[in-house]
Amino acid sequence: MSRKEKFRKILWTLVLAGTILFTCMGYFQIRDHLPDQLNIVKGEETECLNRLEKPWLSLDDAIPVSGGERFHLQCDLFGLIPLKQIKVQVVEPTDIYVSGNTVGVYMETQGVLIIDSGEITGEDGLSYEPARNLVQPGDYIVAMNQERVGNKRELIHKIQTCGGDSVDLSLLRRGEEIHMALNPVMDEAGDYKLGIWVRDNTQGIGTLTYMDQEGDFGALGHGISDVDTGELMQICNGDLYKAQIIGIHKGTKGSPGELSGLIRYDHSNIIGTISQNGENGIYGRLDPGYVENLTLQPMEVGYKQEMELGEASILCSVDGKVDEYQVEIVSIDLNHPDTNKSFVLKVTDRRLLEKTGGIVQGMSGSPVLQNGKAVGAVTHVFVQDSTSGYGIFIENMLRYNGTYAN
């Protein structure tokens, strides 16, 4: 075989391999962007499925699996190549009350959160690290010597009164309880310490997304993670407070802005209790006596397949009152692995751009409205473009809160 023929053979082999590679990549990209499951309002099944139809996508007859309320939808590429079976749940129309009010958040951890370990200068002037390579950032101390630990103050008291004896710590690590013995060290001031940096609460401001028919609320659109460990905080209780916006730091390229709020942590300012801190938001119950002071607008839930590119709006409070601002939905991913980043929106309302520069910290949870329905909530701002950010589908927040079952 001549050199020219060898070269031609290699070239055709590369072309064929490239074609196969790009075909496979395209197949998996199409499949991964199809939703794993859909919620369809009863009576709107045909209309909903029509929205999914594409020239290259064929939908086979549904397969009922539970009295017609649940079925599987087979999707094929060009009617020949199987792509995915979508789980379909037929649901009743759901109405909620969307908000947009700025609220204060205070949560106490389940036990005491370990941020890191560190050195102690002992009474002899030497450095000690009794917790090094034993505890991990993100661990929760829930008991010491078989006695429950509720907060940082209790932990410090127990350590200082241990007399220098070895202590048995009960830790929660990724949901599993483990035990370990640590030897306290007396520092230069004469206090016993374990060389552990800890935290037992967190606070801040965010936006109330909705209240359901039972008075339960959802807010933020994402969970609250510890600033040092990055782990989702495990809480035992918390409260929702009145919050007053006292300043706005406008967002710019490379510098996310934020709302500066004033929260008076007084019992008379509590407007609700927090019971859950989940991946898709914080949840709890509003105080019935305070509900009438909130901005609550009844609205039907719109599901992810109803969302479309183009004009939409958000509700938020950046100057003391809830207002509606125009945005544009620029991309939608019906099956994003991170539910907090299911779509991208861009602020187009000049009023909000002049006030905040776009999306700022404190606006997480702002309801997203489109075609007269509540379809999502704001979750993140882009660091390099403060006018744009991510959002979560409202159905993902509702599913976590138990408004309907899949």
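Add 692 to the 1-based position in the sequence shown for our numbering, that's all there is to it.
Quick reminder that beta carbons are idealized off the backbone N, C-alpha and C, glycines included.
Around the beta carbon of M872, a 10 Å sphere encloses fewer than 16 other beta carbons of the protein chains shown; the residue is thus reported as exposed. Taking all protein chains shown into account, N793 has 16 or more neighbouring C-beta atoms within 10 Å of its C-beta and is therefore buried. Contact between G1057 and G896 fails: their C-beta atoms lie close to 12 angstroms from each other, not under 8 angstroms. The way I'd put it, the region 991–1007 does touch the region 1059–1076; three or more beta-carbon pairs between them come closer than 8 angstroms. The Cβ-Cβ distance between L912 and T901 falls below 9 angstroms. Runs of the alpha helix (DSSP H) lying entirely within the region 1025–1079, each at least 4 residues long, are 1042–1048 in chain order. Looking at the DSSP output, F909 shares a beta bridge with M903 and G976. Taking a C-beta distance under 9 angstroms as the contact criterion, Y832 and T801 qualify as a contact pair. A Cβ-Cβ contact shorter than 9 angstroms links K1038 with V1019. When the five nearest sequence neighbours on each side are left out, the beta carbons in the same chain lying within less than 7 angstroms of the beta carbon of G803 are those of Y832, I833, V834, V841 and L864, in order along the chain. In the three-state reduction of the DSSP assignment, E1003 falls in the strand class. Look at the region 882–968 and you find these whole runs of beta strand (DSSP E), each 3 residues long or longer: 888–903, 908–911, 927–934, 936–941 and 950–954. Membership of K779 in the beta strand (DSSP E) is indicated by the continuous run I773 to V783.
When DSSP states are grouped into helix, strand and coil, E998 belongs to the helix group. With three or more CB-CB distances shorter than 8 angstroms, the region 1065–1085 counts as touching the region 998–1016. Under the three-state reduction of DSSP output, Q828 falls in the coil class, being neither helix nor strand. A direct Cα-Cα distance of roughly 15 angstroms separates S917 from D808. Across the structure, L775 and T1031 are spaced so that their CA atoms are roughly 22 angstroms apart. Within 10 angstroms of the beta-carbon of Q997 lie 16 or more other beta-carbons, which makes it buried. Of the residues W889, C854 and Y1082, the one whose Cα lies closest to the Cα of G810 is W889. Around the CB of G930, 16 or more other CB atoms lie within 10 Å, so the residue is classed as buried. Look at C854 here: in three-state DSSP terms it is coil, with no helix or strand label. Per the DSSP secondary-structure output, Q766 pairs in a beta bridge with Q777. In this structure, the straight-line span from the alpha carbon of L1001 to that of S947 is close to 27 angstroms.
Taking a C-beta distance under 9 angstroms as the contact criterion, G907 and V983 qualify as a contact pair.
Inter-residue distance for I940 and L826 is about 43 angstroms (C-alpha atoms, whole angstroms).
Going by C-alpha positions, V797 is about 38 angstroms away from C740. The shortest C-alpha to C-alpha distance from Y884 to any of H849, V783 and I870 is the one to H849.
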